[in-house]
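Trainee: I'd like to ask some things about the structure below.
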Amino acid sequence: MKDGKFLVLGIESSCDDTSASVVADGRDMLSLSISSQIDIHTLYGGVVPEIASRNHIKNINHVIDQAMAEAGAEFDDLDLIGVTCGPGLIGSLVVGVSAAKALAYAADKPLIGVHHLQGHISADYIEYPELEPPFAAVVASGGNTDIIDVRGYNDLELLGRTRDDAAGEAMDKVARVMGIGYPGGPVIDRLAKSGNPHAVEFGRVMLEKGSYDFSFSGLKTQVINYVNQSRMKGENIKKEDLAASFQQAVMDVITEKALEAACEYGREKIALAGGVASNSLLRSMMKDICTENGFGLYVPRPVLCTDNAAMIACAAYYRYREFGPDGLELDAYPVLDLAEGARGEWQAPH
Ligand code: KG4
Numbered sequence: 445m446k447d448g449k450f451l452v453l454g455i456e457s458s459c460d461d462t463s464a465s466v467v468a469d470g471r472d473m474l475s476l477s478i479s480s481q482i483d484i485h486t487l488y489g490g491v492v493p494e495i496a497s498r499n500h501i502k503n504i505n506h507v508i509d510q511a512m513a514e515a516g517a518e519f520d521d522l523d524l525i526g527v528t529c530g531p532g533l534i535g536s537l538v539v540g541v542s543a544a545k546a547l548a549y550a551a552d553k554p555l556i557g558v559h560h561l562q563g564h565i566s567a568d569y570i571e572y573p574e575l576e577p578p579f580a581a582v583v584a585s586g587g588n589t590d591i592i593d594v595r596g597y598n599d600l601e602l603l604g605r606t607r608d609d610a611a612g613e614a615m616d617k618v619a620r621v622m623g624i625g626y627p628g629g630p631v632i633d634r635l636a637k638s639g640n641p642h643a644v645e646f647g648r649v650m651l652e653k654g655s656y657d658f659s660f661s662g663l664k665t666q667v668i669n670y671v672n673q674s675r676m677k678g679e680n681i682k683k684e685d686l687a688a689s690f691q692q693a694v695m696d697v698i699t700e701k702a703l704e705a706a707c708e709y710g711r712e713k714i715a716l717a718g719g720v721a722s723n724s725l726l727r728s729m730m731k732d733i734c735t736e737n738g739f740g741l742y743v744p745r746p747v748l749c750t751d752n753a754a755m756i757a758c759a760a761y762y763r764y765r766e767f768g769p770d771g772l773e774l775d776a777y778p779v780l781d782l783a784e785g786a787r788g789e790w791q792a793p794h
């Protein structure tokens with residue numbers, strides 16, 4: 445406790461960002477430290493797991509110290525340590541979980557694991573102090589495209605997920621083929637602003653009626669084929685038009701499914717989260733459909749959309765309030781069911 449406030453130290457290391465944050469009373473972000481590895485992985489056009497875990501080891505102590513200093517807190521002031529324990533890259537997760545366990549043991553503080561997607565949704569609680577469940581959430585990132593019915597802080601039902609590439613992953617792969625850099629999402633977003641979204645007609649894969657699942661690998665292949673055929677014919681590709689047409693196809697599917705889910709489950713609020721939630725077209729399309737349908741829209745600022753530890757500290761606070769701490773036997777779980785994870789039912793996959 446500090447100044448009568450419940451302090452949580454959050455730790456996140458599930459992919460390539462090492463992050464720590466101190467959050468007071470669940471929603472008040474006192475500090476946020478993020479060490480990004482984008483420059484390193486850019487060389488390879490994607491995240492290399494072994495390199496990611498080695499860099500987490502290098503960065504984690506510094507990132508934690510920075511978050512504590514920025515919050516003006518001592519380890520003694522902490523009431524809880526929360527850490528992403530899955531899903532994610534196992535070598536990366538292990539670094540955060542080990543650091544959190546070591547700190548919890550040394551400082552004699554309770555420890556709690558957090559499901560990474562529950563964390564992403566919690567970024568909206570930090571951004572909007574008035575936001576409370578229930579609502580429909582869309583988490584779109586490099587690893588996920590999920591639609592979730594948020595019934596309570598720890599009562600989450602996964603309605604649909606990607607069956608192949610996540611939206612961000614498809615954007616990164618298409619950008620690689622177009623030769624425009626990594627990560628592809630922000631570059632495509634920027635290029636698309638001066639392109640024509642109707643220049644190239646790509647199919648929208650909606651899957652079976654009533655399904656909230658996604659499939660972006662077919663769309664990715666359509667774009668790659670288009671690029672290869674244009675190159676073979678010696679035709680010039682207008683990158684802005686291609687980016688705009690591809691981006692439009694991705695966002696049409698996400699917005700339509702988000703709206704359908706909110707309507708079917710009777711939710712009046714839609715929250716976006718994950719790196720792709722920074723996308724300007726997704727934000728403006730969601731804003732339009734939410735206004736038309738009388739829904740509230742919640743979108744965190746970009747730094748809270750990408751992987752960060754403030755969202756983990758927030759989720760840790762709400763899980764701890766309902767379920768109490770985990771023991772030091774907490775492990776890292778590369779694959780983790782969302783509903784079970786939100787209840788703290790950690791099980792190693794078989
Ligand atoms: O949530 P995040 O930081 O990391 C994980 O995947 O866990 O998301 C990164 C993903 C990348 O695929 C990146 O290309 C995408 O988010 N992204 C975007 C934008 N900014 C980041 N995609 C579309 N538009 C953007 N503005």
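Quick note: to get this note's numbering, add 444 to the position in the sequence shown (first position is 1).
Glycine is no exception: its CB is placed at the ideal position from the N, C-alpha and C atoms.
Nothing here was measured: the structure is a model prediction, and the numbers come from that model.
(1) Flag this pair as yes or no: are the beta carbons of V582 and I698 separated by less than 8 Å?
(2) Measuring straight from C-alpha to C-alpha, what distance separates R711 and D521?
(3) Quick one, which of I525, G557, Q562, I534 has its alpha-carbon nearest L547's?
(4) Count the C-beta pairs between the stretch 749-757 and the stretch 457-470 that are closer than 8 Å, then say yes if the count reaches three, no if not.
(5) Where do the N-terminal and C-terminal ends of the alpha helix (DSSP H) with K713 fall, by residue?
(6) Restricting to runs no shorter than 4 residues, where is the alpha helix (DSSP H) found entirely within the stretch 682-716?
(7) Measuring CB to CB, does E684 end up less than 8 Å from G639?
(8) Using 10 angstroms around the beta-carbon of V779, count the other beta-carbons present and answer buried if the total reaches 16, otherwise exposed.
(9) Name the two residues that bound the continuous alpha helix (DSSP H) containing M390.
(10) Expressed to the nearest angstrom, what Euclidean distance is found between the alpha-carbon atoms of D472 and G612?
(11) Would you call the CB atoms of H485 and S457 closer than 8 Å?
(12) Given 7 Å as the limit, tell me if A593 has its C-beta closer than that to any heavy atom belonging to the ligand KG4.
(13) Would you say A783 and A705 are within 8 Å of each other, going by their C-beta atoms?
(14) At 3 residues or longer, and completely inside the stretch 492-566: list those beta strand (DSSP E) runs for me, N to C.
(15) If you drop the 5 nearest sequence neighbours on each side, which residues of the same chain put their C-beta closer than 6 Å to that of F767?
(16) In three-state terms, what does DSSP make of E574?
(17) Considering only residues of the same chain and omitting the five flanking positions on each side of V667, which have a CB-CB separation below 6 Å?
(18) Please classify P795 as buried or exposed, where buried requires at least 16 other C-beta atoms within 10 Å of its C-beta.
(19) Return no unless some Cβ of chain B is closer than 8 Å to the Cβ of F579.
(20) Look at the Cβ atom of S463, then the Cβ atom of V507, and state whether they are nearer than 8 Å.
(21) For the candidate residues M695, V621, G654, whose alpha-carbon lies nearest to that of I681?
(22) Taking all protein chains shown into account, decide if V452 is buried (16 or more other Cβ within 10 angstroms of its Cβ) or exposed.
(23) Please list, in chain order, all residues of the same chain as L741 whose beta carbon is under 7 Å from its beta carbon, the five residues on each side excluded.
(24) Could you give the distance in angstroms between the alpha-carbon of G796 and the alpha-carbon of D509?
(25) Candidates I592, A687, L725, L603: which alpha carbon is nearest G623's?
(26) Have a look at L716 and G448 and give me their C-alpha separation to the nearest angstrom.
(27) Would DSSP call D447 helix, strand or coil?
(28) On the CB-based measure, 16 or more other CB atoms within 10 Å of its CB, does Q791 come out buried or exposed?
(29) Among S722, L600, F646, which residue has its Cα nearest to the Cα of P630?
(30) Going residue by residue through the stretch 595-662, where are the continuous alpha helix (DSSP H) segments of at least 4 residues, counting only ones entirely within it?
(31) From A760 to D781, what does the alpha carbon distance come to, in whole angstroms?
(32) Tell me the DSSP secondary structure of E773 in three-state form.
(33) Would you tell me roughly how many angstroms separate the C-alpha atoms of M445 and D523, rounded to the nearest one?
(34) Using the rule of at least 16 other Cβ atoms within 10 Å of the residue's Cβ for burial, across every protein chain shown, is P746 buried or exposed?
Mentor: On the basis of the supplied data:
(1) A contact, by the Cβ cut-off of 8 Å.
(2) Between R711 and D521, the C-alpha separation is close to 38 Å.
(3) When each option's Cα is compared against that of L547, the closest is I525.
(4) The stretch 749-757, when compared against the stretch 457-470, does touch it at the 8 Å Cβ threshold.
(5) The continuous stretches of alpha helix (DSSP H) do not include K713, which lies in the beta strand (DSSP E) extending over residues 713-717.
(6) As far as the stretch 682-716 is concerned, its whole alpha helix (DSSP H) runs of at least 4 residues are 683-708.
(7) In this structure, E684 places its C-beta atom within 8 Å of the C-beta atom of G639.
(8) Burial call: exposed.
(9) Residue 390 cannot be examined here, being either before or after the span of the chain that is shown, 445 to 794.
(10) Their backbone Cα atoms lie some 29 Å apart in a straight line.
(11) No.
(12) The sequence shown places Asp at residue 593, not Ala. Outside the cutoff, so no.
(13) Not a contact, by the Cβ cut-off of 8 Å.
(14) Taken in chain order, the whole beta strand (DSSP E) runs of length 3 or more contained in the stretch 492-566 are 524-530, 555-559.
(15) G788.
(16) Coil.
(17) The answer, listed in chain order, is V618, F690.
(18) Because residue 795 is not part of the residues shown, which for the chain are 445 to 794, the question remains open.
(19) The question asks about chain B, but that chain is absent: this structure has only one protein chain.
(20) In this structure, V507 lies closer than 8 Å to S463 by Cβ.
(21) Of M695, V621, G654, the residue nearest in Cα terms is V621.
(22) The residue is buried, with at least 16 neighbouring Cβ atoms inside 10 Å.
(23) Contacts found: I714, M730, K731, C734.
(24) Only positions 445 to 794 of the chain appear in this structure, which leaves residue 796 out of reach.
(25) Here the closest residue by C-alpha is A687.
(26) Between L716 and G448, the C-alpha separation is close to 32 Å.
(27) In this structure, DSSP gives D447 a state outside helix and strand, which the three-state scheme calls coil.
(28) Looking at its Cβ environment, which holds fewer than 16 other Cβ atoms inside 10 Å, Q791 is exposed.
(29) The residue with the shortest Cα to Cα distance from P630 is S722.
(30) At a cut-off of 4 residues, the continuous stretches assigned as alpha helix (DSSP H) that sit fully inside the stretch 595-662 are 611-622, 628-636.
(31) Approximately 17 Å, taken between the alpha carbons.
(32) E773 falls in the coil class under three-state DSSP.
(33) Cα to Cα, the separation comes out at about 6 Å.
(34) An exposed status is given to P746, since fewer than 16 other beta-carbon atoms sit within 10 Å of its beta-carbon.
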